[in-house]
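One structure below.
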Amino acid sequence: MFPSGMPGHFDDPKSSNERASYERSQRVVEAIADESNVIDLGPRAEQSSAQSLVPMPPRRARELPDPEPPDREIRTGDVDPWGRSERVRSIARRMYDPLYRYWFRVQWEGIEHIPTESGALLVSNHAGAIPSDAPAIMHGIETQLGRPVYGLAEYLFRELPGLGTLWSRAGGVTAHPDNAYRLLKEDQQLVLVFPEGAKGTGKLYKDRYRLARFGRGGFVEIAMRAGVPIIPIAVVGAEESMPILFKSRRLANLLGIPYAPITANMLMFGPLGGLAYLPAKFRIRVLEPIHFTAEPDQERYSRARVMDASEMIRGRIQEALYDMLRTRRSTWW
Amino acid sequence: MTCCEHDAALGGRSIMRVLVTGLGTFWGSRLAQALEQFDDVEVIVGLDTNEPRLPLERTEFVRADSDYSILQRIVKATKVDTILHTHLLVDSTEHSNRRMHEVNVIGTMNLLAAAGAAGSTVRKLIVKSSTLVYGAGKRDPYFFREDMERTTPPHTEVERSLLETSAFVRDFAVDNPHVVVTKLRFSNALGDDITSPFARSLSLPIVPEILGFDPRLQFVHEDDITGALIFATRNDIPGVYNVAGRGTMPWSEICQVIGKRRLPLPPFFTNWAAEPLRMTRVVDLPPEVLDLLRYGRVVDTRAYRRAGFEYKYTTAATVNAFARSLRLESVVGDSNPSYRYERDVETFFRHSPAISREGNE
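Protein sequence lines, in the order shown, are assigned to chains A and B. Position 61, counted from 1, in the first sequence is what UniProt numbering calls 61; the numbers after and before it change by one each time, with no gaps. Position 194, counted from 1, in the second sequence is what UniProt numbering calls 194; the numbers after and before it change by one each time, with no gaps.
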């Protein structure tokens, strides 16, 4: 419509409209050209988060937190905007406490690295056919620091009837980037994430304590965007609490689950024993927080920088695991 | 409101001429009623094929189809500068798919074409849409912002037609940069006077739920819906905005506040299980409502508040107000006798010199 280099005449009102829309589309083109840059972009101008009706590249506005209105005289429950209920959580803690204390005998190291007020992304290794590390970490922090921990997990949980609701009430949140951002940046909460995902929990006993790939480094990008530190956590013990000896790919496909394991627990106690953990001693080491210098709230971050940070964090956790295994005298004591 | 407050609210604004589509819907009538209170709103023209639901003082009712040539003539002849498009059907239990397509898609297309025709005086367009456009699925973010897309493809006609409508409105905004286009996406409505699948479900002696699911939900009070539309009429705030009461509540708690027991539907083949309820006309739970009862939906409402709109009700307050009106209704019966439109009487009231127009405020 507009040949390049020819601005055209915009005298009559009709074409001034056209000019406005043309200029807008030009801006979009420029913005897209901008996006293809791999270098970190400068802070963008603030903009209302209301979606523009005219096509524009999405930008994240800096939002103020949006606390839940109290409505105390109306509400009967205490379910927060994330679906977490402190009441349910405290019941869960009471039930889990004996297991935590006398079965796994969880031992913490460096818990002072976890902030008592501001938001932080807790990143840990993941293990056990039915992972036993998430409840242990959440329980330990909630009892010792007295502040909630939200655990990010797969969408899978949300479609499970009953279990999914319980999971949500106990602090589980689906791992959507925006959920993580809001929890960290706007609500300044502690968020626990396992970047290995099912690759970590689904690994065989012979591969224990060897970290799987850390996803695509999405967790680093979220922490950068939210402007919060990442706190790496190394957990020893979860691998031995429910070790996977074999996996059946065919059965997993049939059931539509990520992996179908045969665990040592099942061989010892029968199929129902698949739900019982072995009494491995848990050691949890909280490493030094990692702060990022990148400006928060950017549209995107340099892939190289994200992957560097992701690898670095993975390396630190791996190193800590090796160190803890070197000094571990017994798996059980 | 006194007339002095009017002047302050006006802020030197000129006289407005407003066209309201869907005057025969509850919203259209409520809105026209509210608009009549403003002195600077000189003309209110209401379009619909159905008669207004509420008595109106000075709104002109035109029984018209959403036919393009008629709309174009009306827009041209009345020289309206503001169009309030409230005629989008969102309750799939009350309208057939075909009618929803006809009204939502074709009606909007014709209206926008008429509003964008050469020589059109329209300078503001406000569209009442629904948060149904976001859908409800397991991969959804916990809070939908206005710039977020739905995660599942639409699978019902109401969602499809609303999405198509969105595209028309966006195109209209691009083609007519001199028109202030505001699109409001309303959450589930509750109130004394409205019927929606949720309102009907909650009015039952036993309220349906999906076994094992307790979704987070939001509601918006009918007064806030009218208020939000009026706010967009009185202020220039282009863009898309979510409108829902602040806060969220799980379904179980909503039922508790209202004081109802829950009837669990099986979590698998839920749509089939809802069929007997549909057949016996107990309650119609269309697929988009079943999705909501499973996964829920919560939207981020900060943008519209930042634009200056003040809600009267939070989500919990909306539920509570609804509970109160249900309790009253259970004792007194229907507290809102429906209004019947009598054309001759209405014309008499609007135009006869015998009617005193003083002290109407």
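The beta-carbon is built from N, C-alpha and C at its ideal position, and this holds for glycine as well. The structure displayed is predicted, hence computed values, not measured ones.
Cβ proximity to chain B below 8 Å picks out T76, G77, V79, P81, W82, G83 from the stretch 76-89 of chain A. For A/Y150, the enclosing beta strand (DSSP E) begins and ends at 149-153. Going by DSSP, A/I141 is part of the alpha helix (DSSP H) stretching over 133-145. Taking C-beta atoms as the reference points, B/L277 and A/P161 fail to come closer than 8 Å.
Here DSSP, grouped into helix, strand and coil, assigns B/Y313 to coil. Contact annotation: in the stretch 223-255 of chain B, residues whose CB is within less than 9 Å of a CB in chain A are I237, P238, G239, V240, Y241, N242, G245, R246, G247, T248, M249, P250, S252, E253. When rounded, the separation of the alpha-carbon atoms in B/L263 and B/F198 is 14 Å. For B/F61, there is no enclosing alpha helix (DSSP H); the enclosing beta strand (DSSP E) has its first and last residue at 60-63. At a C-beta separation below 8 Å, B/N271 has no neighbours in chain A, since its nearest C-beta there lies roughly 15 Å away.
B/R327 sits in a helix when the DSSP states are folded into three classes. Taking a Cβ-Cβ threshold of 8 Å, the residues of chain B close to A/T165 are G212, F213, D214, in chain order.
A/D308 and A/G315 have their C-alpha atoms some 10 Å from each other. Beta-bridge partners of A/H126 (DSSP): none assigned. Counted as a single uninterrupted DSSP element, the stretch harbouring B/L277 is not any beta strand (DSSP E) but the alpha helix (DSSP H) occupying residues 275-279.
In this structure B/S69 is exposed. Its beta-carbon is surrounded by fewer than 16 other beta-carbon atoms within 10 angstroms. In this structure, B/E209 places its C-beta atom within 8 Å of the C-beta atom of B/L265. A/M242 and A/D78 have their C-alpha atoms roughly 34 Å apart. Secondary structure at B/R305: helix, using DSSP grouped into helix, strand and coil. Cβ atoms of B/Y134 and B/V299 come within 8 Å of each other, at about 7 Å. Between B/E36 and B/I15, the gap from beta carbon to beta carbon reaches 8 Å or more. Counting only Cβ-Cβ distances below 8 Å, A/I74 has contacts in chain B at V257, A316, A317, V319, N320, in chain order. In the same chain as A/A320, and ignoring 5 residues on each side of it, the C-beta atoms closer than 8 Å to its own belong to P232, A234, R285, L287, in chain order. Contact between A/K281 and A/P261 does not hold, since the beta-carbon distance rounds to 22 Å and is not under 8 Å. B/R139 belongs to the set of residues whose beta carbon lies under 8 Å from a beta carbon in chain A.
Listed along the chain, the chain A residues whose CB falls inside 8 Å of the CB of B/R123 amount to none; the nearest CB is some 12 Å away. Between the C-alpha atoms of B/H87 and B/A115 there is a straight-line separation of about 15 Å. In the DSSP assignment, the residues bridged to B/N188 are B/F219. Sequence-distant Cβ neighbours of A/Y100 in its own chain, meaning closer than 6 Å and more than five residues away, are V106, H139. For B/R302, the nearest CB of chain A lies under 8 Å from its own CB, placing it at the interface with that chain.
Check the Cα spacing between A/Y205 and each of A/D178, A/I91, A/H126, A/Y155: the tightest is with A/H126. About 16 Å separates the CB atoms of A/L184 and A/L145; that is not less than 8 Å, and the two are not in contact. Between B/D224 and B/Y311, the CB-CB gap stays under 8 Å.
From the beta-carbon of B/F143, the residues of chain A found nearer than 9 Å are D66, P81, D178, N179, R182.
A direct Cα-Cα distance of roughly 11 Å separates B/V18 from B/I126. The bridge partners DSSP lists for B/M16 are B/V41. Residue state for A/W103 is assigned as helix, using DSSP reduced to three classes.
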